[in-house]
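Colleague:
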Amino acid sequence: MKTLAELQAIREKMQSQVNLRAEDHNHIRVVVGMATCGIAAGARPVLNTLAQEVQTRGLTDKISVTQTGCIGLCQYEPIVEVMEPGKDKVTYVKMNADKAVEIVERHLIGGHVVEKYTMSAAGLK
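When the count follows full-length UniProt numbering, it moves up by one through the sequence shown with no breaks and lands on 125 for the last residue.
Here it is as structure tokens:
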């Protein structure tokens, strides 16, 4: 169990990592499903990794990483949605921290959707 001060420090750290400028339509929005099903499936390390990678690589002025509640596809959690202005939403399923790093490198920086982790690869499209 953590003290209130420790929890507040963690919260402040995460808020500095997670860019909450989702209303800026020039940003790429990365949204991680953090309902109980997502958390149980391992969404927290995915969110932390995405936020850390975006911050470490100096991309916070271009990419917003946020969390949401239930996305509605519990069996495919952890789910990450990438929304780029002027493009179709890309939904990544069954994510983990390693896959999250790959998404940052190949999709968010390189501009190439990592098809093997998408909903279409899982047979849902």
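Don't be surprised by glycine CBs; every beta carbon is placed ideally from N, CA and C.
Just mark Leu-108 as buried or exposed, buried being the case when its beta carbon has 16 or more other beta carbons within 10 Å.
Modeller: Leu-108 is buried by the Cβ-count criterion.
Colleague: Do Lys-87 and Glu-81 come within 7 Å of each other at the CB atom, strictly closer than that value?
Modeller: For Glu-81 and Lys-87, no; Cβs fall outside 7 Å.
Colleague: Since Tyr-117 and Val-93 are thought to touch, with beta carbons under 8 Å apart, how far apart are those beta carbons, to the nearest angstrom?
Modeller: Indeed they touch by this definition, with Cβ atoms about 7 Å apart.
Colleague: Using only alpha-carbon positions, find the residue among Ile-63, Ala-41 and Thr-91 that is nearest to Leu-50.
Modeller: Out of Ile-63, Ala-41 and Thr-91, Ile-63 has the C-alpha closest to the C-alpha of Leu-50.
Colleague: Where DSSP assigns a beta bridge to Ala-29, which residues make up the other side?
Modeller: Here residue 29 is Arg; the residue named in the question, Ala, does not match the sequence. Looking at the DSSP assignment, Arg-29 forms a beta bridge with Ser-64 and Met-83.
Colleague: DSSP beta-bridge partners for Tyr-92?
Modeller: Answer is Val-80 and Thr-118, bridged to Tyr-92.
Colleague: Within 10 angstroms of the Cβ of Ile-10, are there 16 or more other Cβ atoms? Answer buried if so, exposed if not.
Modeller: By the 10 Å Cβ count, Ile-10 comes out exposed.
Colleague: Using the three-state DSSP reduction, which class does His-112 fall into: helix, strand or coil?
Modeller: His-112 falls in the coil class under three-state DSSP.
Colleague: Kindly give me the distance between the Cβ atoms of Ile-103 and Gly-33, rounded to whole angstroms, as I take these residues to be in contact under 8 Å.
Modeller: Contact flag wrong, Cβ pair sits at about 14 Å.
Colleague: Do the CB positions of Thr-66 and Val-113 come within less than 7 Å of each other?
Modeller: No, these two residues do not count as a Cβ contact at 7 Å.
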